[in-house]
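Comments concern the structure below.
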Amino acid sequence: MPHRHHPDTLLAHAGCTPDPITGSLILPPVLTSTYERAADGTYPGGFIYARTGNPTRAALEETLSALEGGDAPCETVTFGSGMAAVHAVLQSLPNGSHVILPNDVYYGVRALLGQVFEGTLSFTSVEMSDLAALDAALTPQTRLVWAETPSNPMLHLTDLAALAQWCAEKGVWLAVDGTWTTPLLQRPLDLGADVVVHSLTKYMAGHSDILGGSATVRAGHPLGAKLRAVQHLAGPVLDPFSCWLTLRGLRTLHVRLARQCETAAHVAAFLSHHPRVSRVHYPGLLSHPAHTLAVRQMAGFGGMLSFEVAGSRAQALGVAASTRVLRQATSLGGTESLIEHRASVEGILTRAPETLLRVSIGLEHAEDLMADLNQALLAQFS
Ligand SMILES: *Cc1c(COP(=O)(O)O)cnc(C)c1O
0 MPHRHHPDTL
10 LAHAGCTPDP
20 ITGSLILPPV
30 LTSTYERAAD
40 GTYPGGFIYA
50 RTGNPTRAAL
60 EETLSALEGG
70 DAPCETVTFG
80 SGMAAVHAVL
90 QSLPNGSHVI
100 LPNDVYYGVR
110 ALLGQVFEGT
120 LSFTSVEMSD
130 LAALDAALTP
140 QTRLVWAETP
150 SNPMLHLTDL
160 AALAQWCAEK
170 GVWLAVDGTW
180 TTPLLQRPLD
190 LGADVVVHSL
200 TKYMAGHSDI
210 LGGSATVRAG
220 HPLGAKLRAV
230 QHLAGPVLDP
240 FSCWLTLRGL
250 RTLHVRLARQ
260 CETAAHVAAF
270 LSHHPRVSRV
280 HYPGLLSHPA
290 HTLAVRQMAG
300 FGGMLSFEVA
310 GSRAQALGVA
320 ASTRVLRQAT
330 SLGGTESLIE
340 HRASVEGILT
350 RAPETLLRVS
360 IGLEHAEDLM
370 ADLNQALLAQ
380 FS
């Protein structure tokens, strides 16, 4: 058996495809809309027009495929945002298809189905960890189950292998939103999923400076050609500079995420003992209802957690407003820790508790984050 490199090694070299003209070790962002033909009419680099192909984008898509697929060949199609990738997957379904969603799906997915696909696709929301609820939601038109584990913002877990088996038995595709875990913590295709979607905006690019998305399938999966057609023909493409920044971010994903997991575990333990906190949702805690599943399914417990303030909505909002190290903003996966009150971000569609705050752990020192959360909590109850 040839030695297969670990993902860390792959990532450390992401985008290091020397430029054939200058020898530049790092592939430069290729900022062009079109490519010149040779005298014989052929395209020497194989690229014709930027909507259909770009070298920086190709390097990113290859890296994501290698990360997600392990040994099995995969195809990744990138898009201008995570939601554009979600949209492309949903657009690939026949008109009239029915989709099953988790109760606490990323709110944009439910809003997209309800507003953009209104009249084209129908959907039912269920408690995804309950296969009996899935049985009840299944219709002859069901084509897709959408899963997100850990979920947002409640950190509920879904057993992906069991879900994939259910989907295979019913002849339904399984899509997994892998944004919160990245392929380093969870590889849904290995567990039987048909497609994995990422918001590259979050951990993958990792510096809160771009918007991007991707969808990955096993090579030859019928969804692959559909996704590529949406990219080429509808044109919701990821621009070359964002591809380049994502490749640059990916080179440190393994070290960033390892540190974020470690710090999140400290902060979750600290909050779970805090008198002003009623509940902490983090799969690494022994008290998490699906902790054993987390140990089996995930290679690390992630950098995301949420907690419920032992008080009112106003006190929860007050905590979010008075942290100084944690910044009050939506999004996640950057180097700076973020805190937010999901119920007010999500508006009327929300299922988030009114006292719940979601935290994305960044790269600050754990003690500074704990001291900051402590002063913000105590200030609300003085
Ligand atoms: C952010 C996010 C999305 C949407 O991605 P964008 O890049 O913002 O379009 C989808 N799913 C999850 C879980 C997310 O966190």
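Residues in the sequence shown are numbered consecutively from 0, following numbering that gives the first Met the number 0. Just so it is clear, CB atoms sit at the ideal spot from N, CA and C, and this is done for glycine as well.
{"Asked": "Leucine 270 to valine 29, Cα distance in whole Å?", "Found": "46 Å"}
{"Asked": "By the three-class DSSP mapping on this structure, what secondary structure does aspartate 238 have?", "Found": "coil"}
{"Asked": "I need the boundaries of the beta strand (DSSP E) containing glutamate 339, first residue and last residue.", "Found": "337-339"}
{"Asked": "Consider the C-beta atom of aspartate 176 and the heavy atoms of ligand 1; say whether any pair is separated by less than 7 Å.", "Found": "yes"}
{"Asked": "Quick one: grab the DSSP three-state call for phenylalanine 122.", "Found": "strand"}
{"Asked": "Please go through the segment 120-200 and give each complete beta strand (DSSP E) segment of 3 or more residues, from N-terminal end onward.", "Found": "121-125, 141-147, 172-176, 194-198"}
{"Asked": "When every heavy atom of ligand 1 is checked, does at least one fall within less than 7 Å of the C-beta of tryptophan 179?", "Found": "yes"}
{"Asked": "What residue range is occupied by the uninterrupted alpha helix (DSSP H) comprising phenylalanine 78?", "Found": "It is not in any alpha helix (DSSP H) - phenylalanine 78 instead sits in the beta strand (DSSP E) that spans 73-78."}
{"Asked": "Given that a residue counts as buried once 16 or more other Cβ atoms are within 10 Å of its Cβ, and exposed if not, what is arginine 177?", "Found": "Position check: residue 177 holds glycine in this sequence, whereas arginine was assumed. It is buried - the Cβ of glycine 177 has at least 16 other Cβ atoms within 10 Å."}
{"Asked": "Quick one: using the 10 Å Cβ neighbour count with 16 as the cut-off for buried, is cysteine 15 buried or exposed?", "Found": "exposed"}
{"Asked": "Just list the residues that DSSP pairs glycine 212 with in beta bridges.", "Found": "Phe78, Ser198"}
{"Asked": "Output the residue ranges of the beta strand (DSSP E) runs that lie fully inside the segment 40-111 and measure 3 residues or longer, sorted by chain position.", "Found": "73-78, 97-101"}
{"Asked": "With DSSP run on the structure shown, which of helix, strand or coil describes arginine 258?", "Found": "helix"}
{"Asked": "Since valine 76 contacts serine 213 with CB under 8 Å, what's their CB separation in whole angstroms?", "Found": "7 Å"}
{"Asked": "Is tyrosine 440 buried or exposed, if buried means 16 or more other CB atoms sit within 10 Å of its CB?", "Found": "It is not possible to answer for residue 440, since the shown part of the chain is limited to 0 through 381."}
{"Asked": "State yes or no: is the C-beta of asparagine 102 nearer than 7 Å to some heavy atom of ligand 3?", "Found": "The model depicted lacks ligand 3 and carries ligand 1 instead."}
{"Asked": "By alpha-carbon positions, which one of Val294, Asp367, Thr251, Ala167 ends up nearest to threonine 8?", "Found": "Thr251"}
{"Asked": "Can you tell me whether methionine 303 is helix, strand or coil according to DSSP?", "Found": "strand"}
{"Asked": "Report yes if the C-beta distance between threonine 322 and aspartate 371 is below 8 Å; otherwise report no.", "Found": "yes"}
{"Asked": "Start and end of the beta strand (DSSP E) containing histidine 280?", "Found": "276-280"}
{"Asked": "Shortest alpha-carbon distance to leucine 173 belongs to which of His2, Val216, Leu304?", "Found": "Val216"}
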